[in-house]
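First up is the structure itself, then whatever we jot down about it.
Protein chains: 2
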Amino acid sequence: MASVTVFGPPLSTAVSRVLACLLEKDVEFELSPVDMSKGQHKAPEFLKLQPFGQVPAFRDGGITLFESRAICRYICDKYSDQGNASLIGTREGGLLERYSIEQWLEAESQSYNSPSSTLVLQLALAPRMGLKQDPALIEQSEAKLSKVLDVYEQRLAESRFLAGDEFTLADLSHLPNTQYLVNATDRGGLITSRENVGRWWEEISKRDSWMKVVEMQKAGAPQPS
Amino acid sequence: MASVTVFGPPLSTAVSRVLACLLEKDVEFELSPVDMSKGQHKAPEFLKLQPFGQVPAFRDGGITLFESRAICRYICDKYSDQGNASLIGTREGGLLERYSIEQWLEAESQSYNSPSSTLVLQLALAPRMGLKQDPALIEQSEAKLSKVLDVYEQRLAESRFLAGDEFTLADLSHLPNTQYLVNATDRGGLITSRENVGRWWEEISKRDSWMKVVEMQKAGAPQPS
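One line per chain: the protein sequences are A and B, in this order.
Take the first sequence: its position 137, counted from the start at 1, is 137 in the UniProt record's numbering, and no numbers get skipped.
Take the second sequence: its position 150, counted from the start at 1, is 150 in the UniProt record's numbering, and no numbers get skipped.
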């Protein structure tokens with residue numbers, strides 16, 4: 001029996017970030033469904049795991065954690081000896097390698113996440129949920145994301161991946177929002193029209209780990225490896 | 001001569017986060033002024049250090065980094081043997097301690113930072129800069145922050161600090177926005193009217209490290225310890 005349990009649906013970007021990390025690290029896990037349409041993420045027993053009422057929650061033996069990027073860092077440290085060894089930097093790479101990853105992971109968290117998730121929400125989800133779109137917010141988010149991607153384009157002209165020569169948590173953390181942006185909105189050109197960002201996206205989105213997550217999302221149901 | 005240089009003004013919340021961390025860890029540093037009113041953060045030589053054109057940038061010998069929370073993690077790891085030993089968890093505390101800190105640091109980054117900084121921008125800075133306030137955004141941010149603080153109130157009823165019994169990077173990371181929220185807006189009651197959040201704020205804002213940062217902010221000029 002797997003000691004690791006992830007609570008939440010793979011369709012959630014934060015849940016899929018954690019799933020991709022577990023698959024990269026060859027960590028066995030179980031998925032525990034949380035039906036958000038029934039408000040299960042606000043139920044008292046779930047709030048004990050995740051007091052903000054958000055997904056995912058995460059359990060590994062006696063440790064419970066929330067916040068997808070904190071969970072990913074934990075998985076990399078706890079399971080340092082298995083799976084992808086360079087996801088959060090190799091021991092030989094030292095502090096420079098580790099903190100190159102950390103700074104680009106923070107760039108995703110602070111600069112990329114907000115405008116990209118707003119575009120996905122406004123362009124892909126709002127119409128399906130019968131919510132009104134906010135054209136000013138869409139325009140503002142597209143402009144913000146464009147500026148961020150101009151910096152990425154420059155970085156990726158010099159470097160195969162964001163933190164250096166290897167695929168790391170910094171790249172992985174961009175997968176969930178970018179998947180929806182490219183495939184579920186009409187603004188995928190923000191990514192694919194930029195030479196180096198497009199080349200990077202082509203490479204990272206084809207990783208076995210991420211393709212498995214996308215399959216799980218399509219199935220809409222738990223299908224751990 | 002200090003090997004560490006921080007580029008940016010102490011009045012910036014992201015710069016002051018890094019300064020507080022350096023002071024907690026007893027790391028000597030130099031401040032290198034960046035006059036944002038003159039656009040120095042968009043100058044080509046600064047963009048080499050910080051490609052997004054934001055402050056702070058950071059240099060330690062041959063390593064340059066950006067993103068305040070990544071820089072703080074780096075400082076804690078690099079200078080693990082000096083200053084506050086529990087800022088990012090003690091070795092004896094193991095993964096549970098470290099990742100309790102990481103999850104609350106991410107809560108600050110993902111849930112607390114956006115509504116608190118929006119309130120500071122709208123209520124304290126917009127009037128001084130002659131910008132129009134957005135009442136709907138203020139109301140929305142206050143409601144968001146209130147919900148986050150309700151979770152903090154519950155957590156701090158059980159625990160002296162966010163991650164456990166010790167002051168850590170998770171608490172420290174809240175200082176910059178909260179300082180302005182309490183002292184430069186009329187919504188400080190969001191913090192001070194909550195019994196446990198108020199008690200926590202009283203304690204963390206009185207730390208020597210933070211009081212030195214506030215002095216540096218008041219002086220408006222570099223004054224490293």
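The C-beta atom is built at its ideal place from N, Cα and C for all residues, glycine as well.
It should be emphasised that the depicted structure is a prediction, and the values quoted were computed from it without experimental measurement.
Reduced DSSP category for A57 of chain B - H, G, I as helix; E, B as strand; rest coil: strand
Exposure of E139 of chain B, with buried meaning 16 or more beta-carbon neighbours within 10 Å: exposed
Helix, strand or coil at residue 276 of chain A [DSSP, three-state]: Chain A is shown from 1 up to 225; residue 276 of chain A falls before or after that span and cannot be answered.
Cβ separation of T5 of chain A and E30 of chain A, assumed to be a contact under 8 Å, to the nearest whole Å: 5 Å
F66 of chain A: contacting residues in chain B (beta-carbon distance under 9 Å): Q103, E106 and A107
Alpha-carbon spacing of P56 of chain B relative to T118 of chain B, whole angstroms: 19 Å
Q223 of chain A, DSSP secondary structure in three states: Because Q223 of chain A carries a pLDDT of 41, less than 50, the predicted location of this residue cannot be relied on, and the following value inherits that uncertainty. If DSSP states are grouped into helix, strand and coil, Q223 of chain A belongs with coil.
Minimum Cβ-Cβ distance from P224 of chain B to chain A less than 9 Å: Unreliable placement is indicated for P224 of chain B, whose pLDDT of 44 sits below 50; no coordinate value is reported for it.
N-terminal and C-terminal residue of the alpha helix (DSSP H) that F46 of chain A is part of: P44 to L49
DSSP-derived helix/strand/coil call for S32 of chain A: strand
Helix, strand or coil at T118 of chain B according to DSSP, with G and I counted as helix: helix
Beta-carbon neighbours of D134 of chain B, restricted to chain A and to distances below 9 Å: For D134 of chain B, none of the residues of chain A pass the 9 Å Cβ criterion, the least Cβ distance being about 12 Å.
Rounded C-alpha distance that separates L149 of chain A from I191 of chain A: 8 Å
Coarse secondary structure for T178 of chain B, derived from DSSP in three states: Here T178 of chain B carries a helix assignment [DSSP, helix/strand/coil].
Euclidean distance between Cα positions of residue 227 of chain A and A126 of chain A: In the structure as shown, chain A starts at 1 and stops at 225, and residue 227 of chain A therefore has no counterpart that could be examined.
Any C-beta of chain B under 9 Å from that of A221 of chain A: In this prediction, A221 of chain A scores a pLDDT of 44, lower than 50, which makes its location untrustworthy; no coordinate-derived value is stated.
P224 of chain A versus M216 of chain A - alpha carbon distance: Confidence at P224 of chain A is low in this model, with a pLDDT of 44, below 50, so its placement is unreliable and the value that follows should be read with caution. Answer to the nearest angstrom: the Cα atoms are 8 Å apart.
C-beta neighbour in chain A for K78 of chain B, strict 9 Å: yes
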